[in-house]
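In the numbering used here, the protein residues as written are 333 to 618.
Glycine is no exception: its CB is placed at the ideal position from the N, C-alpha and C atoms.
This report concerns only the one structure given below.
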Amino acid sequence: MRYGLTISAVLGLVGSGVTTNLWAQAQPHQQVRLVGRVFDETQRLVEGVQVIVNRREVRAITDADGIFRLDVSPSDSTVGFRRIGYRPMLLTIRPLPTPRDTILVQLITSPVDLPEVIVSGQPTKPLRYAGTMKYDDVFLRQRVGLGTLITREAIDRRFGVATHEVLQGIPGIWIWNGPPKRIRFARCGDPRGVSVFIDGVRQVPAFSETAPATVSGRGGSGVIDPRQVAPRSFNPADEEPLVEMLSRVNPSDVEMIEVYRGPSEIPGVYHWDGCAVIAVWTRWNK
333 MRYGLTISAV
343 LGLVGSGVTT
353 NLWAQAQPHQ
363 QVRLVGRVFD
373 ETQRLVEGVQ
383 VIVNRREVRA
393 ITDADGIFRL
403 DVSPSDSTVG
413 FRRIGYRPML
423 LTIRPLPTPR
433 DTILVQLITS
443 PVDLPEVIVS
453 GQPTKPLRYA
463 GTMKYDDVFL
473 RQRVGLGTLI
483 TREAIDRRFG
493 VATHEVLQGI
503 PGIWIWNGPP
513 KRIRFARCGD
523 PRGVSVFIDG
533 VRQVPAFSET
543 APATVSGRGG
553 SGVIDPRQVA
563 PRSFNPADEE
573 PLVEMLSRVN
583 PSDVEMIEVY
593 RGPSEIPGVY
603 HWDGCAVIAV
613 WTRWNK
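Pasting the structure below:
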């Protein structure tokens with residue numbers, strides 16, 4: 333560096349009318365190459381500073397070493413320096429400086445107030461379920477509009493009823509309290525076409541003579557070997573199979589119930605060649 337000049341931005345703001353005259357000798361009618369380096373109060377070199385001539389034309393931008401180079405002519409009157417996070421600076425270049433000078437420019441940091449940012453979000457499930465992932469898929473299906481969800485609050489409003497009676501009031505489902513008790517779906521001609529799941533496990537009606545009481549399947553998926561399931565003919569005088577399967581869970585132990593009234597509503601996790609699904613989920617914190 334030869335004939336170095338150090339300039340502080342404390343005194344000048346772009347457009348403020350406050351400028352600093354750096355040079356005493358003029359070189360009329362001669363274009364001059366300006367070379368300079370920009371740093372801050374901590375002596376850290378500042379990259380990306382815009383070098384603006386006559387308050388409107390960007391002639392150069394400082395590189396990674398804080399260096400800028402530009403040519404100025406007698407018609408140019410000011411050189412400004414601007415970068416977000418620093419106070420702008422304005423220098424007068426009349427008369428033109430000598431080409432031998434390297435300019436050192438110090439910018440003063442100036443915090444920028446950003447507009448208020450409001451972040452909002454919608455919880456994927458009620459906060460009381462924050463301690464468990466058991467029902468996450470249930471709430472996901474509800475967000476996309478699949479089926480009908482009977483919540484614990486709705487069950488509490490019907491205190492004392494049997495589990496199957498919780499389904500009363502859902503369009504397309506009829507409940508008879510017998511005897512014998514019956515559940516019928518408008519889109520299912522045979523009650524055996526309605527699948528019942530308890531905590532993701534598909535239930536098998538008691539009137540099936542050779543089948544086990546339950547068939548395990550993660551999320552209701554799996555295949556039943558037809559050689560293992562040989563139900564006898566359904567007798568209308570028998571206890572309703574849907575009522576019997578739902579009665580395996582006490583209403584006080586139920587957290588929520590998913591109801592899918594027709595094949596078009598049934599999600600893949602419950603698809604079991606049936607025409608409707610009742611999925612019971614027991615309470616996790618009891």
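Segment limits, beta strand (DSSP E) that includes residue i
| i | result |
| --- | --- |
| Ala608 | 608 to 614 |
| Ile487 | Per DSSP, Ile487 belongs to no beta strand (DSSP E); it is in the alpha helix (DSSP H), 484 to 488. |
| Leu439 | No beta strand (DSSP E) holds Leu439; DSSP gives it neither H nor E. |
| Thr410 | 410 to 414 |
| Thr424 | 421 to 424 |
| Val404 | 399 to 404 |
| Ile507 | 505 to 508 |
| Gln382 | 382 to 385 |
| Glu379 | Careful: Glu379 lies outside any beta strand (DSSP E) and carries neither H nor E. |
| Ala392 | 389 to 393 |
| Glu373 | Unbroken run through Glu373: none, as it is neither H nor E. |
Buried/exposed call for residue i, threshold 16 Cβ in 10 Å
| i | result |
| --- | --- |
| Leu578 | buried |
| Glu587 | buried |
| Arg460 | exposed |
| Gly501 | exposed |
| Val470 | buried |
| Gln535 | buried |
| Leu472 | exposed |
| Val476 | exposed |
6 angstroms Cβ shell around residue i - same chain, five flanking residues per side excluded
| i | result |
| --- | --- |
| Gly525 | Gly606, Cys607 |
| Val367 | Arg401, Thr434 |
| Trp616 | Thr464, Lys466 |
| Gln363 | Asp403, Ser405 |
| Arg426 | Ser409 |
Range covered by the alpha helix (DSSP H) that runs through residue i
| i | result |
| --- | --- |
| Gln474 | 468 to 475 |
| Met577 | 573 to 578 |
Whole-number beta carbon distance between residue j and residue i, since they are thought to touch under 8 angstroms
| i | j | result |
| --- | --- | --- |
| Val609 | Tyr602 | 5 angstroms |
| Val381 | Ile399 | Contact doesn't hold; Cβ gap of about 10 angstroms is too wide. |
| Leu439 | Arg419 | 7 angstroms |
| Thr456 | Glu373 | Thr456 to Glu373, Cβ: 47 angstroms. No contact. |
Chain C contact for residue i (CB, 7 angstroms cutoff)
| i | result |
| --- | --- |
| Asp531 | No chain C is present in this structure, which holds just one protein chain. |
Cβ pair residue i, residue j closer than 7 angstroms
| i | j | result |
| --- | --- | --- |
| Lys513 | Glu576 | no |
| Val581 | Ile515 | no |
| Leu574 | Pro523 | yes |
| Asp395 | Leu377 | no |
| Pro599 | Thr495 | no |
| Ile589 | Ile482 | yes |
Beta-carbon proximity list for residue i, same chain, < 8 angstroms, skipping 5 on both sides
| i | result |
| --- | --- |
| Asn509 | Glu497 |
| Pro447 | none |
Same chain, Cβ closer than 7 angstroms to residue i, five either side skipped, listed in chain order
| i | result |
| --- | --- |
| Glu597 | Leu478, Gly479 |
| Gly594 | Arg519, Cys607, Ala608 |
| Val493 | Pro583 |
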